[in-house]
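Trainee:
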Amino acid sequence: MNSLKLGQGFAREHDLGRVRFVQMNLFRPAFRRQTFHLVISNGVLHHTSDPRGGFESIARLVKPGGYILIGLYHHWGRLITDTRRAIFNMTGDRLKSLDPNLRSLMASDAKKRAWCNDQYKHPLESKHTIRETLEWLKTAGFDFVKSIPSSHLFRPFDPNEPLFEHEGAAGNAEALLTEMGMFFKGSREGGFFTMIGKKRP
Ligand SMILES: C[S@@+](CC[C@H](N)C(=O)[O-])C[C@H]1O[C@@H](n2cnc3c(N)ncnc32)[C@H](O)[C@@H]1O
Numbered sequence: 007m008n009s010l011k012l013g014q015g016f017a018r019e020h021d022l023g024r025v026r027f028v029q030m031n032l033f034r035p036a037f038r039r040q041t042f043h044l045v046i047s048n049g050v051l052h053h054t055s056d057p058r059g060g061f062e063s064i065a066r067l068v069k070p071g072g073y074i075l076i077g078l079y080h081h082w083g084r085l086i087t088d089t090r091r092a093i094f095n096m097t098g099d100r101l102k103s104l105d106p107n108l109r110s111l112m113a114s115d116a117k118k119r120a121w122c123n124d125q126y127k128h129p130l131e132s133k134h135t136i137r138e139t140l141e142w143l144k145t146a147g148f149d150f151v152k153s154i155p156s157s158h159l160f161r162p163f164d165p166n167e168p169l170f171e172h173e174g175a176a177g178n179a180e181a182l183l184t185e186m187g188m189f190f191k192g193s194r195e196g197g198f199f200t201m202i203g204k205k206r207p
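First residue of the sequence shown: 7, per my numbering; consecutive thereafter.
(1) Just how far apart, CA to CA, sit Glu195 and Ser9?
(2) What do you reckon, is the C-beta of Val45 under 6 Å from a heavy atom of ligand 1?
(3) Consider the Cβ of Pro155: report whether some Cβ of chain C lies at a distance smaller than 7 Å.
(4) Starting from Asp124, trace the alpha helix (DSSP H) both ways and give me its first and last residue.
(5) Taking only three categories from DSSP, how would you classify Pro162?
(6) Look at Phe150 and Leu140 and say whether their C-beta atoms are less than 7 Å apart.
(7) From Ala175 to Lys118, what does the alpha carbon distance come to, in whole angstroms?
(8) May I ask you to report which of helix, strand or coil DSSP gives Ser153?
(9) In three-state terms, what does DSSP make of Gly203?
(10) Taking the C-alpha atoms as reference points, what is the distance between Pro165 and Arg39?
(11) Using a Cβ-Cβ cutoff of less than 6 Å, which residues in the same chain neighbour Thr54 once the five nearest sequence positions on both sides are dropped?
(12) Cβ atoms of Gly197 and His52: under 7 Å apart, would you say?
(13) Between Val28 and ligand 1, is there a pair consisting of the residue's CB and a ligand heavy atom that are separated by less than 6 Å?
(14) Which residue marks the beginning of the beta strand (DSSP E) containing Leu140, and which one marks its end?
(15) Got a sec: does ligand 1 put a non-hydrogen atom nearer than 6 Å to the Cβ of Thr135?
(16) Give the secondary structure of Gly15 by DSSP, where H, G and I count as helix, E and B as strand, and everything else as coil.
(17) If you draw a straight line from the alpha carbon of Lys11 to that of Glu180, how long is it in whole angstroms?
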């Protein structure tokens, strides 16, 4: 409810009159199937007890020809965070400066508290891979459009690149190498990856 209040405040402040906020359980959505051109789920499914079931539930809400975008924690990308969480637990949160975002001088105390709670204190968290979620997309009737980071080696994300243009998935070996590389990036970014799919007509 607090998130929705923040969203509502933002919409009011910026005069976004056509935005509506609705609270619901994503496993029992209040919308009809095939309602939306785009469904976004950012950092949510991995905090549920059935991430794939949750994905299938929200995938049903996408119209044919529409898109789904999901952001999830990555197995390899999360390893450094998992190690830090274990250290924080053992030391009663005394070594928080091991996290670059928590020792940053740029962030406010409120931002640091939010980051710490989000990254280290969630009661439930699962991890996934690009190759695993390619299978989710395929089975739910979606063509793969793009992942961030790219499953192709040496293809860094350009913030100006079009998000909904097909990039084509890398082969298994290349995707595996790219995914292993997420271990090194996870330290600052929390080991997050994004998948975009387009529903087949
Ligand atoms: C880490 S937050 C991510 C919030 C937001 N998407 C973002 O990018 O900042 C996870 C959110 O998932 C929501 N959530 C968890 N399980 C849910 C469910 N079964 N149905 C709907 N929302 C759920 C929580 O209430 C929380 O707001």
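Ideal Cβ placement from N, Cα and C applies to all residues, glycine included.
Mentor: Let me lay it out:
(1) 21 Å
(2) no
(3) Considering every chain present, this structure includes no chain C. It has just one protein chain.
(4) Asp115 to Tyr126
(5) coil
(6) yes
(7) 35 Å
(8) strand
(9) strand
(10) 32 Å
(11) Gly60
(12) no
(13) no
(14) It is not in any beta strand (DSSP E) - Leu140 instead sits in the alpha helix (DSSP H) that spans Ile136 to Thr145.
(15) no
(16) helix
(17) 43 Å
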